Amino acid sequence: MAFQLPKLPYDMTALAPTISKETLEFHYGKHHKTYIDNMNKLLEDSPLKGSSLEEIVRKSSGGMFNNAAQAWNHTFYWFNFSPEGGAPSAALDNALKSAFGSREKFFEQFVAQGLANFGSGWTWLVKDSGGKLSIVNTSNAETPITKGLIPLLVADVWEHAYYIDYRNVRKGHLEALAKILNWKFASERFDSNDVFDCTKVMKA
Ligand code: FE2
Numbered sequence: 023m024a025f026q027l028p029k030l031p032y033d034m035t036a037l038a039p040t041i042s043k044e045t046l047e048f049h050y051g052k053h054h055k056t057y058i059d060n061m062n063k064l065l066e067d068s069p070l071k072g073s074s075l076e077e078i079v080r081k082s083s084g085g086m087f088n089n090a091a092q093a094w095n096h097t098f099y100w101f102n103f104s105p106e107g108g109a110p111s112a113a114l115d116n117a118l119k120s121a122f123g124s125r126e127k128f129f130e131q132f133v134a135q136g137l138a139n140f141g142s143g144w145t146w147l148v149k150d151s152g153g154k155l156s157i158v159n160t161s162n163a164e165t166p167i168t169k170g171l172i173p174l175l176v177a178d179v180w181e182h183a184y185y186i187d188y189r190n191v192r193k194g195h196l197e198a199l200a201k202i203l204n205w206k207f208a209s210e211r212f213d214s215n216d217v218f219d220c221t222k223v224m225k226a
């Protein structure tokens with residue numbers, strides 16, 4: 023069974039005005055779908071056919087890696103938003119305080135790292151195997167799941183993520199994400215010792 027574009031956990035208009043319906047139509051409906059379609063085509067003649075998306079990302083290189091990792095990163099990205107926003111669990115809030123000083127200071131650093139991420143890529147809040155939080159930047163399709171890290175939150179800093187709504191102003195887009203970060207999702211990721219199961223929502 024091929025991988026499918028995951029069903030969004032909210033309506034196409036639900037993240038507006040932070041992320042507009044038009045951006046979702048392009049970013050989710052075209053960019054993300056194309057990565058999945060390209061990966062499915064490459065898998066037809068690959069020994070990785072039948073593997074989970076997480077295994078494909080960890081075991082592939084070249085075009086297969088680029089499309090599979092972008093398929094994974096974007097699925098995670100959609101689940102890391104919620105129109106309700108919400109608040110972190112007490113455990114995650116404490117971990118944010120010890121790593122960054124406060125949740126607000128974490129977010130300032132997250133925005134600063136997103137701005138400093140040169141070119142196309144992703145800015146992540148991750149947990150290492152010792153439970154310590156940090157912010158990491160990856161370029162292009164690179165993803166922390168190949169480095170034994172557990173992603174909690176992410177911002178896509180490819181221009182396609184913000185150009186329709188914010189033109190060239192990446193900072194405005196990143197700052198607005200504070201309103202829609204899904205802290206319940208991040209708290210569940212913090213409690214888990216495994217990465218988010220994108221395969222499950224893409225083979226539903
Ligand atoms: Fe993207």
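According to my numbering, the sequence shown is numbered sequentially starting from 23.
By construction, the Cβ of each residue, glycine as well, lies at the ideal position given by its N, Cα and C atoms.
In this text, all values refer to a predicted model and were calculated from it rather than measured experimentally.
Any non-hydrogen atom of the ligand FE2 closer than 7 Å to His53 Cβ: Taken from the Cβ of His53, at least one heavy atom of the ligand FE2 lies inside 7 Å.
Work out the CA separation of Lys43 and Lys52 for me, nearest whole Å. 13 Å
Leaving aside the five residues before and after Ala208 along the sequence, list all residues of the same chain whose C-beta is less than 8 Å from its C-beta, in chain order. Asn102, Pro110, Leu114, Leu147, Leu174 and Leu175
Counting only runs of 3+ residues fully inside the stretch 111 to 187, write out the beta strand (DSSP E) ranges in chain order. 143 to 149, 155 to 161 and 172 to 178
I need the DSSP call for Phe207, collapsed to helix, strand or coil. Phe207 falls in the helix class under three-state DSSP.
Distance CB(Thr145)-CB(Asn159) smaller than 8 Å: yes
By a C-beta neighbour count over all protein chains shown, 10 Å radius and 16 as the cutoff for buried, is Met61 buried or exposed? buried
First through last residue of the alpha helix (DSSP H) which encompasses Ile78: It spans Leu75 to Lys81 - the alpha helix (DSSP H) in which Ile78 sits, taken as one unbroken run.
When DSSP labels each residue in this structure, what does Phe103 get in the three-state scheme? strand
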